[in-house]
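Asker: One structure follows; several queries about it will come next.
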Amino acid sequence: ESCLIRQCDSILRQVNDVPRLYRKTNKEVPTKASNYINHCIELIFSITSSQTQVWKTEWTRYVLNEITSHYKQYTSEVLTSVQKIEDSLKRLKKAKIGNQNNVSKNNLNNMSDDDKIRLQIYYDVQEFGQQVSIW
1 ESCLIRQCDS
11 ILRQVNDVPR
21 LYRKTNKEVP
31 TKASNYINHC
41 IELIFSITSS
51 QTQVWKTEWT
61 RYVLNEITSH
71 YKQYTSEVLT
81 SVQKIEDSLK
91 RLKKAKIGNQ
101 NNVSKNNLNN
111 MSDDDKIRLQ
121 IYYDVQEFGQ
131 QVSIW
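Start counting the sequence shown at 1; every next residue gets the next number (the UniProt record's numbering).
See the structure below:
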């Protein structure tokens, strides 16, 4: 079980890459969960499907609880970091423009990189939760 948890942890830590994928890249707005979510779920399924029913239920529940707890921690850390960076950038921008409100219409119509990051993590968490709830 600890081997599976470590493998899933390694996969789910890819949430840390989400900010890098969207910040200053002009990447499109996300529309679905990241591939790492399905990779993790497939790994869990491949290992748990070979277990006997009684063993599988208890063991899978324990593993999923551990993995979910870790994933919650990872996503919280990323979202906190994104918020801190966003706040810092806003303060710097505000200081630079001297409190002028020079936001172009183009900027108002585009989703910010930080919002894209949050949306991607939202899709990832939703997909993870949906897949885990099947067990």
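A virtual CB, placed ideally from N, CA and C, is assigned to each residue, including glycine.
Which two residues bound the contiguous alpha helix (DSSP H) that contains Arg20?
Answerer: Taking the first residue of the sequence shown as 1, we reach residue 20 at position 20. 18-22 is the span of the alpha helix (DSSP H), which, as asked, contains Arg20.
Asker: So what does DSSP say about residue 198, is it helix, strand or coil?
Answerer: Residue 198 lies beyond the range of the chain shown here (1 to 135); nothing can be said about it.
Asker: Should Val29 be labelled buried (16 or more other beta-carbon atoms within 10 Å of its own) or exposed?
Answerer: On the sequence shown, residue 29 is found 29 positions in, with the first residue counted as 1. Exposed is the call here.
Asker: So, does the region 23-38 touch the region 8-15, judging by three or more C-beta pairs under 8 angstroms?
Answerer: Segments in contact, yes.
Asker: For residue 153, which option in Arg23, Tyr22, Ser81, Leu64 has the closest C-alpha, if you only look at C-alpha atoms?
Answerer: No information on residue 153 is available, as it lies outside the stretch 1 to 135 that the chain covers here.
Asker: Helix, strand or coil for Lys32, going by three-state DSSP, please let me know.
Answerer: As a position in the sequence shown, residue 32 is number 32, starting the count at 1. Three-state result, Lys32: coil.
Asker: Check Cys3 in the structure and name its three-state DSSP category.
Answerer: If you number the sequence shown from 1, residue 3 lands on position 3. The answer is helix: DSSP assigns Cys3 an H, G or I state.
Asker: Under 8 angstroms by Cβ, that's how I've got Tyr22 and Asp113 pegged, so tell me the actual separation to the nearest angstrom.
Answerer: Position 22 of the sequence shown, counted from the first residue, corresponds to residue 22. Position 113 of the sequence shown, counted from the first residue, corresponds to residue 113. With a Cβ gap of about 5 angstroms, Tyr22 and Asp113 count as contacting.
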